[in-house]
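What follows is the structure in structure tokens.
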């Protein structure tokens, strides 16, 4: 069947999109008006998405709650959580749903044809025929509900979205992003919080929630997208016959209105929470925000991303430099959001003072005026353009299917113009036009029009308020207390009854016949063979060169891998500081801003990392490597080597003020990251109590490194401290960047490899050979069990340990256990019953293991759940279908398609870990052979790592103080 033969659809446009090597189709479903956009190509990682324009009218989070709840059972698939059933038992390469300010999107991806069809069908049934109309318990679980265990208990509020947004509203960076959008568009949908304001969410009624679904979740308001190698006519025919044809066309008023332009700029002041002990000084966020045209202006869409780089984001960019030089903020950055109808350009100074507001605004406008008058640096514009163009052509989105990212970007234009889905995806011609504009006044005119003369702008000040979280918590307690006091005994009994009924609903097992309705692959659908790693060890006059012969579309991915074995342990965090400053300081031949531009003009970027690799034959041994990665087109190979050489051997470390700027910025960013990604920070810290490899990671990028940064910044305040730091950084270069420590790793074809050995020889000749006192990087660990207090309203709870140290060897069945824990036992007890937004587990080959929660309203209760995990496994008695699901889910995670660079990384890891293909295959066989008895045996692994009793919690100060007896040490995470 051809698309042209489908009588239920009309083809509006068909054409080849060379930029994406795809045949495109813009179509419309005749009966309902459902919009359809297709990209047909030879990509096996297929993507389907259905989206709806969903502009909310208030901040109850109704769009967000709908997104959660439609995936909690449907007419054809009546189980309580088909989403989790699919995660556990499908070969998906992506499966999720997302709420945006003006749309909600439900995308899936898979390389397996049958699996793709199954996922698509479950999602279509979910959005059009959800079970939310049959019971209000789904709304209560995922949205919000009153909770009262008995008539004498305190009345509380719980719900997954409610707790998720309490976490989001605890992050100052998230609050700022939200307030910027709200400030510029107060009269339209962008002026409210689509995710939900925790103070407002409990005002949403069940009927209002259902009305939202009735109105917007209709084919006439839908956007259907498919990408990849499939029979798209067959898919569309199925969608029509099983879903779209069941509906009549209706007029859905979901148009996104334009905000009327302001007559004059506006000032908005908001507060964000800090602890009572936290500093108020140097803790204010200042932002200068402008509404920038329309996302339907394809030239502007990219041009402002280039301006973002040239004006503020790049090191040494004029606005960043001017504000930092005046002491306005420790971290200055700009942000361009072009994913909404009226894009936003913001300049932010973080960790400033409130009384610097006028100077902040005046400085920005002075610098912008100077840039217009004297011209923006052409090299900066070219660097920003080249960086964006390289990313566009490379289309490497890591673990995410590129068809997914294209599908999200399609809606940047399609949502606002039915005839323009490909507007911003076709960018090669736009890049060519903008390259010509660099030599003219185009960019300067944009600055004048949108950033200087534009009255549609705001200044948002986000000021710290000590004890705001405690104040709001107390106000909520009093409000709930008063509300409970106003209730009759019958009303109180009703809430107690509803609480118990919800728990019973959550505890109730799905009927086997309903579970059987969820499509499931078989073991025969699983690949039996492990993916082979690709590498060949070569030699360039004594230097090892690891070559991965992989097609990369003309890009060479090069890793300069240096052994760190000669460092003393106390130098490890300083090595991470070195990683941060390299490429950000002046060198012998470049000012740091010019160096950064040169990197982005000549390459696809240079980055650094500190990584550990565990020996697969002896998991007590591991190596730590300092890696410099660069991606480059072959024509610029020589430039890439020269630039890395310049950075590693010719950096000038003596600019103390610049060092202060770099580390202050890093401190401010890490401060946000530690709190917002608290689950990762807590897990690294907890595992680091017993695992030397995890301790390396914590000291390089976690809480351990954050504490080191505090010391570094203090040291830079004194002349002696600065001298000592500079000497340490210089000495580290001589210790690490030596010929005997180097391995050059290259991913590409023979064409990209050509010239690598010659460049390597020249590169090695420039490395350090001075006599240096060498140490021994032997890490010792100490169990601490820490509670880190924040001004947030939720917790990140981690229990960790190591099973290998108790004599247990890694088995591939642990991948099955990870799926079971994350999407069955922990999911049910931590998320469904506990109300946390997320829960995870991990089991590494070196024995490191952890359970961790994300945006969790609980602390002690979650630890109790962790403690009972081994008992659950010992008594595990699920049927064969459930076990098959877990196996499929584990294979899905293991077999995520790799980009060319990821394939190279897989080979490098195999080499450095001394991995043998037979052992990798053995682990896969163990995974595929997992049985009920295997799972019961894994209880011993859980008991083993849990016996280490390593606990780390990042969370609300009040909650941590309540559980102080669980910790050896309690302290503030930020600003001790």
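In the numbering used here, the protein residues as written are 183 to 1158. Positions of the beta carbon are idealized from the N, C-alpha and C atoms, including for glycine. Every value quoted in this text rests on a predicted model; they were computed, and no experiment measured them.
Straight-line CA distance for residue 1116 to residue 995? 7 Å
Compare the Cα-Cα distances from residue 460 to each of 972, 1147, 219, 1087 and report the closest residue. 972
Residue(s) in a DSSP beta bridge with residue 970: 1136, 1153
Residue 530 to residue 210 span [Cα, whole Å]: 43 Å
Determine contact between the segment 572-585 and the segment 1072-1088, defined as no fewer than three beta-carbon pairs at a distance below 8 Å. yes
Would residue 794 pass as a contact of residue 868 if the rule is Cβ separation under 8 Å? no
Close Cβ partners of residue 227 (< 7 Å) along its chain, the five nearest in sequence each way excluded: 275, 291, 293, 410, 583, 585, 1079
Using a threshold of 8 Å, state whether the C-beta atoms of residue 325 and residue 374 are closer than that. no
Just to confirm before moving on: does the CB-CB distance between residue 828 and residue 910 stay below 8 Å? no
In terms of residue numbering, what span does the alpha helix (DSSP H) encompassing residue 869 cover? 860-869
Cross-strand partners of residue 455 (DSSP beta bridge): 647
Under 8 Å, do residue 1157 and residue 974 count as touching if we go by C-beta distance? no
Which residues bound the alpha helix (DSSP H) around residue 1049? 1042-1049
CB contact flag (residue 730, residue 1085, <8 Å): yes
C-alpha distance - residue 913 paired with residue 1095, whole-angstrom precision: 28 Å
Please list the terminal residues of the continuous beta strand (DSSP E) segment that includes residue 528. 526-534
For my contact list, residue 928 and residue 738 are in at a C-beta cut-off of 8 Å; report their separation, rounded to the angstrom. 6 Å
From the DSSP output, in three-state form, read off residue 993 for me. coil
Just verifying my parser: in three-state terms, what is the DSSP assignment at residue 984? strand
Among the candidates 323, 208, 557, 272, whose CA atom is the shortest distance from the CA of residue 250? 323
Classify residue 779 as buried or exposed, calling it buried when 16 or more other Cβ atoms lie within 10 Å of its own Cβ. buried
According to DSSP, residues forming a beta bridge with residue 220: 207, 408
Can you give the beta carbon distance from residue 404 to residue 432, rounded, assuming they're within the 8 Å contact cut? Incorrect: roughly 12 Å between the Cβ atoms, too far for contact.
Look up residue 291 in the DSSP assignment and say whether it is helix, strand or coil. strand
DSSP on residue 726, reduced to helix/strand/coil? strand
Which stretch, first to last residue, makes up the alpha helix (DSSP H) that contains residue 754? 754-763
Residue 183 - DSSP class collapsed to helix/strand/coil: coil
Taking the DSSP output, what are the residues bridged to residue 228? 292
Please go through the same chain and pick out, in chain order, the residues whose beta-carbon is closer than 6 Å to the beta-carbon of residue 950, but skip the five residues on each side of it. 916, 919, 920
Looking at the secondary structure, which residues open and close the alpha helix (DSSP H) in which residue 393 lies? 388-398
How big is the Cα-Cα spacing for residue 450 and residue 469? 10 Å
CB-CB length for residue 979 against residue 1014, believed under 8 Å: Contact flag wrong, Cβ pair sits at about 17 Å.
Reference residue 217, options 232, 357, 359, 556, closest by Cα: 232
What's the C-alpha gap between residue 446 and residue 474? 15 Å
Tell me, please, which residues DSSP counts as bridged to residue 233. 287, 405
Apply the 10 Å Cβ neighbour rule to residue 462 and answer buried if 16 or more other Cβ atoms are within range, or exposed otherwise. exposed
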